[in-house]
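Worksheet: the structure to be examined is printed underneath.
Residue numbers (my numbering), protein chains in the order written: chain A, 1 to 97; chain B, 101 to 197; chain C, 201 to 297; chain D, 301 to 397; chain E, 401 to 497.
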C-alpha cells in the first residue's frame, strides 16, 4: 500500500460506465508523481492517505463493479513529514538493503 | 489510475486475436514514458485521460475477452498543466511523504 | 501495454514445466531495460512490439496453462522513432501531467 | 517479493472496513521509498523483512477478506547490509543484465 | 518476465505458513535492485535467471498454496553480459521507443 497526499478532486465528465458517479481524487506521492484513486473514506485536500491497489481496490471500494485499480484505504492520523521524512531517514540510515 | 496525454493511434496490423478490431492509443505520461491503451471513450490526440490497469482494464473495456491490461477510463475535463504541475507543487509543497 | 524492441531469442534449456516448448524473446524498452516475453505472433529481432502483462498475458498466449506474465500482443507497423521520439515530444510539449 | 526495513506502526483511525483492526507497518526500501504493509508475523521497528504483494498478500494475511495488497512474509534472520550491499555488489560485479 | 542474477539464499526462520519449507533466493537486477523469489529449478549463486510474477508465480511454483509473487522460471544458458549489455545496446541503438 502506498502513501500519498490528496491534491483535490478530478473533474471528469466523460468516463466509462464502471466509474459513473464515483468520487475521484488526484493524489501525489513523495516524488511528486500523480495518481487517481476512488475515495470511500471522504479524504480532503491536504490529507495524507494510504491506498490499496489491484483487485483489492475494487473490494475496498465496497462494490466490485466499480472499475478502479486504486482506492484510498484510510486517512493517516498525523503524518509528520519532518520526522517521517528526511530526519528519520538520517537516524535509521539503512545504507543499502 | 494513471494520468496520461493521448499522443495518437497505434497502427498495428499483426496482432493477437484477443485485440482484433480494437482501437489502440499511444499515451505519454508526465515523464515522457509511453504506454498503449485500449479506448472505449473516444479520446483524441492531446486529450488528458486517466487509465485503469490490471484485470479491471478488461472489464472497463466492456468485454472481458479483450486482452488489454490498460484501458482509458475517462477524459479529464480541464487539466490545467500550469496549476496542476509545478505551481501547485510549489503551493502544497509536501517535503517528503 | 508497453512498447519494446525485440532483441532476440532467450536460450534457456532448464525451465519450469509451464514454459516448456514456448518461444521466449528478450525485449528492450526505450530506457534499455530488458524483459522476457512469450511470443505468439512471430516477432523478429528489431521489430517494435507492444506487450500485454498480468493474467491477460496468459490468455493472450492462447493457452492459460502457459505461465507467462508478459506476452507480445502485436507488431507495430511503422514505429518512427524520430517522430515518436524527441520531435513529437517537442511539438506536443506537455510540461507536466 | 521485496526487501524492506520496518520503520514503525502506521496510526490510522479512519480506514475502510476491510482493514479494520489490522496491524499496519510503514516500511522503507533501500532507496528510502515508503510502503505500508499488513503484518501477520509481528515485525518490530528495525527488522528487515520481505513482503508478498498482489492477491497473494491477502492469502498471506491469513484472511482473504482483509483488503491488503502488501503483507510481510517473513523476518530476515541476519541482513548484513555491509556484505549484501555495496561490497557484495563489488565482488559479483554483474556489469549489465 | 524479468532477468536477474542469483545472489544467494535468503535465511528467514520466522515466516508465514504459506512459505514454510520453501527455498527462497535473493536476486539482483541490472541496476542492483534486490528481490526475493521462490526457486523450483535449483538455481545457484551467479546463475542468470528469468522470473515469473503475479498469480502465475504461484502456478509456476507448482503449488498454488505457496504464497509467492515471484518464481524463478528458468536458468538462462549463456547470458553474455558483454554482448547483451552495453555493446549490443550500442549496435542496435534504438534512439527512443
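Glycine residues also receive a C-beta, built at the ideal position from the N, C-alpha and C atoms.
Residue 236 of chain C sits away from residue 167 of chain B, with the two beta carbons spaced by 9 Å or more. Straight-line measurement puts the Cα of residue 370 of chain D at about 27 Å from the Cα of residue 445 of chain E.
Taking a Cβ-Cβ threshold of 8 Å, the residues of chain D close to residue 76 of chain A are 310, 311 and 312, in chain order. Rounded to whole angstroms, the gap between the alpha carbons of residue 476 of chain E and residue 59 of chain A is 39 Å. Per DSSP, the continuous beta strand (DSSP E) segment holding residue 325 of chain D begins and ends at 324-328. Closer than 9 Å to the CB of residue 269 of chain C there is at least one CB belonging to chain E. Residues of the stretch 235-248 of chain C that bring their beta carbon within less than 8 Å of a beta carbon in chain E comprise 235, 236, 237, 246 and 248, in sequence order. The bridge partners DSSP lists for residue 411 of chain E come to none.
Taking 9 Å as the cut-off, the beta carbon of residue 172 of chain B is found no closer than this to the beta carbon of residue 241 of chain C. Remark: C-beta atoms of residue 324 of chain D and residue 64 of chain A do not approach each other more closely than 9 Å.
Residue pairing for residue 436 of chain E: DSSP places it in a beta bridge opposite E/426. Only residues of its own chain outside the window of five on either side were considered, and among them 50 have a CB closer than 6 Å to the CB of residue 3 of chain A, listed in chain order.
A direct Cα-to-Cα measurement between residue 148 of chain B and residue 22 of chain A gives close to 19 Å. In the assembly as shown, residue 314 of chain D is an exposed residue. Its beta-carbon has fewer than 16 other beta-carbons within 10 Å. For residue 455 of chain E, at least one C-beta of chain D is nearer than 9 Å to its own C-beta. Secondary structure of residue 467 of chain E (DSSP, three-state): coil. Within chain D, no residue has its beta carbon less than 8 Å from that of residue 472 of chain E; the closest one is some 12 Å off. Residue environment analysis places residue 426 of chain E among the buried positions, since at least 16 neighbouring C-beta atoms fall within 10 angstroms of its C-beta. With its beta carbon at least 9 Å from every one in chain E, residue 317 of chain D lies outside the interface. By the Cβ-count criterion, residue 220 of chain C is exposed, with fewer than 16 other Cβ atoms from all chains shown falling within 10 Å of its own Cβ. Look at residue 226 of chain C: its C-beta is under 9 Å from a C-beta on chain E. Measuring C-alpha to C-alpha distances from residue 105 of chain B to each of B/111, B/118, B/133 and B/112 identifies B/133 as the nearest. Close to residue 303 of chain D, with beta-carbon spacing below 9 Å, are these residues of chain E in chain order: 410, 426, 434, 435 and 436. Residue state for residue 362 of chain D is assigned as coil, using DSSP reduced to three classes. Flagged as an interface residue toward chain B: residue 252 of chain C, by a C-beta distance shorter than 9 Å. DSSP places residue 46 of chain A outside both helix and strand once states are collapsed to three, so it counts as coil.
With respect to residue 456 of chain E, residue 255 of chain C sits close: the two C-beta atoms are nearer than 9 Å. Taking residue 112 of chain B as the centre and dropping the five residues before and after it, the same chain places the C-beta of 124 closer than 7 Å to its C-beta, in chain order. Taking C-beta separations shorter than 8 Å and ignoring five residues to either side along the sequence, the partners of residue 409 of chain E in its chain run 423, 424, 425 and 426, following chain order. Distances from the alpha-carbon of residue 228 of chain C to those of C/201, C/207 and C/280 put C/207 closest. Nearest CB-CB separation between residue 465 of chain E and chain C: not below the 9 Å threshold. Check the Cα spacing between residue 18 of chain A and each of B/162, B/143, B/180 and B/178: the tightest is with B/162.
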